[in-house]
Amino acid sequence: MARSCREAAMDYLARREHSRQELYTKLSRKEYMSEVINETLDRLEQQDLLSDQRFAENFTRHRVNQGYGRLRIRQELRLRGVDDGLVELALQVWQGQWLERAVLQQQKHFGELPTDIKARAKQTRYLQNRGFDFEVVREVLKN
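Counting from 1 along the sequence shown, just add 27 to a position and that's the residue number in our numbering.
Next comes the structure, spelled out in C-alpha cells:
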C-alpha cells in the first residue's frame, strides 16, 4: 500500500530539519498532488514539526561550524526557500563573530599569513569562496 504524504514527510523530518520548500520538492518527486502536499505541510507547521525558522537556525549553526561565512550561508538558505527575514534573523546571532571565524578558517587551511602577493591572492580567493565579506578577508590578511 502506498504511504501517506504525512508519513513520507515525517520520515524526511526524522532525519534532519528541512525548509518547507525542500520538503515540498522532495514530496512532489514522490508524485503526491500539490494540494495534498500543501495541506500536509500546513498541518506540520501548525504542529510545530516543520519550521523554516528552526531550519535556518540549525543550518546556519552547522555551516558556521564548518567554516563558512555569512554570504555563502545566506545564499544557501535562499536557495532552500527560506524567507529573507528568517535568513537575516539566523545570521544576526553570529554578528560580530565573522572575523574570528574567518581567522580560524584561514589558520586551519593555511596555517600562516601570506608572505607574497600570490599567496595573498590565493588566501583571499579561498576565504571569499567560503562566503566571507571582502572587509573581513582584508582584516584577516592584513600584516
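We put the beta carbon where it would ideally sit given N, CA and C, even for glycine.
Neighbourhood of residue i by C-beta, 7 Å cutoff - its chain only, sequence neighbours within 5 removed
{"i": "Y95", "result": "R157, G158"}
{"i": "Q133", "result": "Q150, L154, V167"}
Straight-line Cα distance separating residue j from residue i
{"i": "R71", "j": "L77", "result": "First, the amino acid is wrong: residue 71 is Leu here, not Arg. Computed Cα separation, rounded: 5 Å."}
{"i": "V163", "j": "A129", "result": "7 Å"}
{"i": "E115", "j": "T142", "result": "36 Å"}
{"i": "N65", "j": "L140", "result": "51 Å"}
{"i": "R43", "j": "K135", "result": "28 Å"}
{"i": "Q124", "j": "Q74", "result": "34 Å"}
Identity of the residue in the options nearest residue i by Cα
{"i": "S31", "options": "V114, Q80, K57, R43", "result": "K57"}
{"i": "F86", "options": "Q73, E103, L98, D75", "result": "E103"}
{"i": "V120", "options": "A83, R99, R152, A41", "result": "A83"}
Within 8 Å, strictly: CB atoms of residue i and residue j
{"i": "D79", "j": "V109", "result": "yes"}
{"i": "R105", "j": "S46", "result": "no"}
{"i": "L118", "j": "R101", "result": "yes"}
{"i": "D160", "j": "L98", "result": "yes"}
Cβ-based neighbour list, residue i, same chain, cut-off 8 Å, excluding 5 preceding and 5 following
{"i": "D111", "result": "R105"}
{"i": "R147", "result": "P141, L168"}
{"i": "R81", "result": "E44"}
Close-in-space but distant-in-sequence residues of the same chain around residue i (CB under 6 Å, 5 per side omitted)
{"i": "E49", "result": "R107"}
{"i": "T67", "result": "C32, R33, A36"}
Assess contact between the segment 36 to 44 and the segment 53 to 69, defined as three or more Cβ pairs (one per stretch) separated by less than 8 Å. Is contact present?
Three or more Cβ pairs drawn from the segment 36 to 44 and the segment 53 to 69 lie within less than 8 Å of each other, which places the two stretches in contact.
contact_flag[the segment 82 to 99, the segment 56 to 70] where n(CB pairs < 8 Å) is 3 or more
Short answer: they don't touch.
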